[in-house]
Every structure is written in C-alpha cells, then in structure tokens.
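See structure below.
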Amino acid sequence: MSTPVLAFDETVRQRTSVRAFLPTPLTDEQIHAVLQDAQYAPSNCNTQPWHVHVVSGETKDRLAQLMIENDIAGKQTPDFTFAYEDFHGDYFDRSQQQAKLYYEALGIARDDKEKRREYYLRNYRFFDAPHAAFLFMPSFGDNVRVASDMGMYGQTFLLSLAARGFAGIPQTLLGFHADLVREALGVSDEYRLLFGISFGYADTSNIAATLRMPRIPVESSVVMHK
Numbered sequence: 000m001s002t003p004v005l006a007f008d009e010t011v012r013q014r015t016s017v018r019a020f021l022p023t024p025l026t027d028e029q030i031h032a033v034l035q036d037a038q039y040a041p042s043n044c045n046t047q048p049w050h051v052h053v054v055s056g057e058t059k060d061r062l063a064q065l066m067i068e069n070d071i072a073g074k075q076t077p078d079f080t081f082a083y084e085d086f087h088g089d090y091f092d093r094s095q096q097q098a099k100l101y102y103e104a105l106g107i108a109r110d111d112k113e114k115r116r117e118y119y120l121r122n123y124r125f126f127d128a129p130h131a132a133f134l135f136m137p138s139f140g141d142n143v144r145v146a147s148d149m150g151m152y153g154q155t156f157l158l159s160l161a162a163r164g165f166a167g168i169p170q171t172l173l174g175f176h177a178d179l180v181r182e183a184l185g186v187s188d189e190y191r192l193l194f195g196i197s198f199g200y201a202d203t204s205n206i207a208a209t210l211r212m213p214r215i216p217v218e219s220s221v222v223m224h225k
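Mind the numbering: the sequence shown is residues 0 to 225 in numbering that gives the first Met the number 0, read in order.
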C-alpha cells in the first residue's frame, strides 16, 4: 500500500489541478487508502454527508461516452447552477486568467473554437484518468453547509492523492449531467451531484499536467485583527 511521503507544507504546494493522466490504474488498496484519509474530513455537526461513487474501467468509459453524447445534444441537467457570468470583479478576472493561461500553454488560439471544443470535451473523458469519483450529497436547507462539507471532503481527498504521489482534478463539469450519472450508477434521486474528481498518475510529459495557476497574496484575502 502506498503511504504518504510528503510533509504537509509540501503536499499543499505540490497539489495542482492535473489535466493529463497516464492510463496506469491505482490499485484497490491505494484507492481505499485515499478514501480512508478523506473520511476524516470535518463536517457540520459530524453529519459526514458525502456519498461517493468511484468509477473505473468499462463503467468509466461508458459514462464518458454518455456524458459526451448528452452534452452534444444539449441535455445538461445540473443539480446546481453555474455560469461564468455570475462571477464579477476580481473573481471574474481570475477565472478568465485561468482560461487564458491554460489555452496559451496548450498553444490553442482564442478564436480556434474547434480546438477549444475538443479540449472542453476532454473533461468528460476525465482527462484520460483511470478513475473518477462522483461526489453526491443529501439536501438540507439551503445546502450551503452541506456543500461546504463536501468541499472539505474533496480537498482532503485531493491532498491525500498529492501526499501519496498521485494526482487529481476537481471538475464542476462532471456535475452537469446529474440525472444521467444517477441513472447510470443506480444513485437515488435524494442525492444531488455536486462535482467529480478525476484521479490517477499525472502524465508529466504533458504541459496540462504541470501547469500551475498563480495565487493572490495572503494580504489580498485576509484581514488580521489584534
């Protein structure tokens, strides 16, 4: 079984959103170790609201094809809304900077719509990752507390991957076909799909696996009171 090899500060800085994976699968033991780490994530009133479905092999490939067909047909059914237009000010600027840096690194011009569409669909192919985790949640009240718990679970999952020498990427887009995914995986309608995480070994020969996004200074987001 793989064991953590990085100190915490190294793990946090090593983790990045990888968009290119090797086909080499993790063992069942390695996946279970990551899931066991994630189980220790904090949650409001210790509700532990996460319901996680991990797909690999033929199930993953079949689901990828179904999501692509659904997207092409314009049949997205997200449980939660998402639109870039909802961002404003610095938040919108950062989202645009991320896209600009990504496509420039790939050598894809802004007006090359065909190539951009091709790389957009790679989301549904899990960026060639051998595994993906779909994070479902129950619905309580306005769902804000539950969603924050899910975020902490997802971050713990991602940090465990990084500490063990693996890689992952959280993907909002994997939640855009919630009805399809629930049906394919036999998930009850009482659970909402928030996002997914593709994971495996990073293909470090590909710039999409090594590109790192800038972070704003601590002083830009934190106010100290004494």
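Ideal Cβ positions, reconstructed from N, Cα and C, are used throughout, including at glycine.
### Query
For the candidate residues Pro-213, Ala-63 and Ala-207, whose alpha-carbon lies nearest to that of Ala-177?
Residue Ala-63 is the option with its Cα nearest to Ala-177.
### Task
Tell me whether the beta-carbon of Ala-166 lies closer than 9 Å to the beta-carbon of Val-11.
No, the Cβ-Cβ distance between Ala-166 and Val-11 is not below 9 Å.
### Query
Helix, strand or coil: how does DSSP classify Gly-153 here?
Of the three classes helix, strand and coil, the one that applies to Gly-153 here is helix, per DSSP.
### Message
I need the boundaries of the beta strand (DSSP E) containing Val-222, first residue and last residue.
### Response
Unbroken run through Val-222: none, as it is neither H nor E.
### Query
In terms of DSSP beta bridges, what is Phe-79 paired with?
According to DSSP, Phe-79 bridges with nothing at all.
### Task
Give the secondary structure of Gly-174 by DSSP, where H, G and I count as helix, E and B as strand, and everything else as coil.
Here Gly-174 sits in helix by DSSP.
### Query
Do Arg-144 and Asn-43 have their C-beta atoms closer together than 9 Å?
Going by C-beta atoms, Arg-144 is nearer than 9 Å to Asn-43.
### Close-in-space but distant-in-sequence residues of the same chain around Ser-55 (CB under 7 Å, 5 per side omitted)
Around Ser-55: Pro-24, Pro-129 and His-130.
### Task
At 3 residues or longer, and completely inside the region 178-211: list those beta strand (DSSP E) runs for me, N to C.
For secondary structure counted as the beta strand (DSSP E) over 3 or more consecutive residues, the region 178-211 holds these complete runs in sequence order: 191-199.
### Query
Going by other Cβ atoms of all chains shown within 10 Å of its Cβ, with 16 needed for buried, is Glu-68 buried or exposed?
So Glu-68 counts as exposed.
### Query
Which full runs of the alpha helix (DSSP H) of 4+ residues lie inside the region 41-89, going along the chain?
With a minimum length of 4 residues, the continuous alpha helix (DSSP H) runs that stay inside the region 41-89 are 56-71.
### Query
What are the start and end residues of the alpha helix (DSSP H) that includes Leu-34?
Looking at the DSSP string, the run of the alpha helix (DSSP H) that includes Leu-34 is 27-37.
### Task
State the Cα-Cα distance for the pair Met-0 and Gln-35, rounded to the nearest angstrom.
Because Met-0 sits at a pLDDT of 49, beneath the cut-off of 50, its placement in the model cannot be relied upon, and the following sentence gives the value as read from the coordinates. Roughly 13 Å between the two C-alpha positions.
### Message
For the region 82-93 against the region 152-171, do three or more pairs of beta-carbon atoms, one drawn from each stretch, fall closer than 8 Å, so that the two count as touching?
### Response
In short, these stretches do not touch, since the Cβ pair count stays below three.
### Task
Helix, strand or coil for Ala-132, going by three-state DSSP, please let me know.
Three-state DSSP puts Ala-132 in a strand.
### Task
Look at the Cβ atom of Phe-139, then the Cβ atom of Thr-76, and state whether they are nearer than 9 Å.
No; because the gap between Cβ atoms is not below 9 Å, this pair is not in contact.
### Query
Going by the CB atoms, is the gap between His-52 and Phe-126 shorter than 9 Å?
In this structure, His-52 does not lie closer than 9 Å to Phe-126 by Cβ.
### Query
If we count the other Cβ atoms within 10 Å of its Cβ and call it buried at 16 or more, is Ser-219 buried or exposed?
So Ser-219 ends up on the exposed side.
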